[in-house]
Structures are given as structure tokens and as C-alpha cells.
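The next block holds one structure in the form of C-alpha cells; read it before the comments.
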């Protein structure tokens, strides 16, 4: 009992040193996050309710920027194009990534090489990707239309030169670029499924399709949810691919919300209105993510 008062101060000094050491690791990252992310987001929510052109004082306008959107045809076009891209890009990328993961999860010769090849488009320069695919999609001399003509297609699509086919072309390139990244996530999920489950199912006479439905799909439930959330946010925030590949054209056929925000803010110097559109995009992503979490939670229960 006599030594107890001596150990308490020592314990407190040790706890204090541990606390200081912990904060010394956390603080640099937190300061960077606060200055470069948190503070701009807070300012964004204020600027959205003002009329600000970056050179003058921000004049408070209330909800004028949000009311302006209702009559802005370009905003609704960008919103429709964003939904169009997401609706097709998400399932196509999900299916392609899962298919690649299933194929490259086997013990094949040179499987590491093929995994690297599949992942390589994700780390390739977006400008290089856009230049190469625009050449492939060229209506006059592109090899894709040449191949379609060789198999009997009389009027091949105009792809990026056509208002009808420009978005499908972007979706194809987007799926090709991102499927390698999500393939790695599915590969990690596949390797957590016990091999004994497949052996037991095969012993019971389950076909490959039945093993996929009753073993693989349930085993990838959490991975699929995680990939879907990331893929949804990425699809609604698509910007760089469309900017360098089509520039939002022809016309406004590939104009999306992220590019519209860029146009209003950095090209037309309407930062108040661009901030309001940013909040709408944030609300859409946040709402869809919340719904996905609710559906996943209900499925788990």
C-alpha cells in the first residue's frame, strides 16, 4: 500500500508520453486534412449561398443559386448524363472485375503477369488513354470500325464524333480502365473464402454454377458491397476521362456534373453557382451511399 502513491505519478507520466507520441503521429495528417479538405468543404457550403466571382466580395444571395438550377437546362443535361454513365458503368465494371478476378484466381502459369496487365490501365496516364482510344474509335480510320465493317456492319457507329454513341464509348473506356483496380479487391475477397467450402460443395455434386451462386457470391458479400460503394462514388464523380476524351461533346452529349462544376467555376468564374452544384452532387453521392449501407445492413440482419 505504501508504494501505490509512487506508482501513480509514474503511470500518469507514461500515459502522458504515450498520448503525446500518438498525437505526434496523428497531428501532421490531421492538419493536412483540415487545411486541404475540411476547411475548403466548410467554405464551399458558405460560398454556395453567395454570388462570388473570386475577385470581389461574396454577396449573400440565400438559395438563389439552388433556385437557378431548376431553370438551367445544362444542369439537367449534365445530371442525366451523369446518371446515364453511372447506370451502365457500375454493373459493367462490376461484372468485368469479378470475371477477371475469378479467371485470375486460379493456379495458372504466368498468372501474376496477367494480373499486372489487367491492372496496368488503372495507373496509365489518362491523357495517353484518351489519345489511344480516340484513335481506336475514329469513324474514318479507326480499327474498331474497320473490324465492324469487316464482319458486315454497314453503318458503324460514329463513337466520340456522334452525340448518340459518344457516351457509350466513354463507358467502354471507363470500364476498361477501372476493372483492373476492382479486380484486385475481388481477388482479395476470393482468397478469404475457405477452400473447404468448395470441396464440400463439389463432394455434394454441386455444378460450377451452383458453387459460384452458393459459395462464391455469399463469400464475396462484403467485398461486393465495398466495391459497389467505391464504384458508385467514382461513377458520379467522373471527370478526367470525359474532359480529355470528349470535352463534354459533341454538343453536351457527354457533359457530366463534375465537368459542369469545372466550367462554371474555373471557366466562367461563377464560383457561387459552381459550389451550389457541388453540394447537389455531394448530396446525391451521400444519399445513394446511405441507401447502400441501409440495404447491406438489412441483408446482414
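Residue numbers (my numbering): 5 to 305.
Note that beta-carbon positions come from the ideal geometry of N, C-alpha and C, so glycine has one too.
Rounded to the nearest angstrom, the gap between the Cα atoms of residue 91 and residue 21 is 52 Å.
The three-state secondary structure of residue 179, taken from DSSP, is helix. At a cut-off of 4 residues, the continuous stretches assigned as alpha helix (DSSP H) that sit fully inside the region 109–164 are 115–127, 130–140 and 147–154. From the listed residues 139, 56, 253 and 18, the smallest Cα separation to residue 85 is found for 253. Counting the other Cβ atoms within 10 Å of the Cβ of residue 275 gives 16 or more, which makes it buried. If you ignore the 5 residues before and after residue 96, its C-beta comes within less than 8 Å of the C-beta of 175 and 179, all in its own chain and listed in chain order.
A straight-line Cα-Cα distance of about 16 Å links residue 16 and residue 27. Taking C-alpha positions only, residue 256 is separated from residue 171 by approximately 10 Å.
With contact defined as three or more Cβ pairs closer than 8 Å, the region 47–55 and the region 262–277 are in contact.
For residue 57, there is no enclosing alpha helix (DSSP H), as DSSP marks it with neither H nor E. Per DSSP, reduced to three states, the secondary structure at residue 169 is coil, with no helix or strand assignment. Per the DSSP secondary-structure output, residue 20 pairs with nothing in a beta bridge. Counting along the chain, residue 303 sits inside the alpha helix (DSSP H) bounded by residues 275–304. The region 242–250 and the region 125–139 touch, with three or more beta-carbon pairs separated by less than 8 Å.
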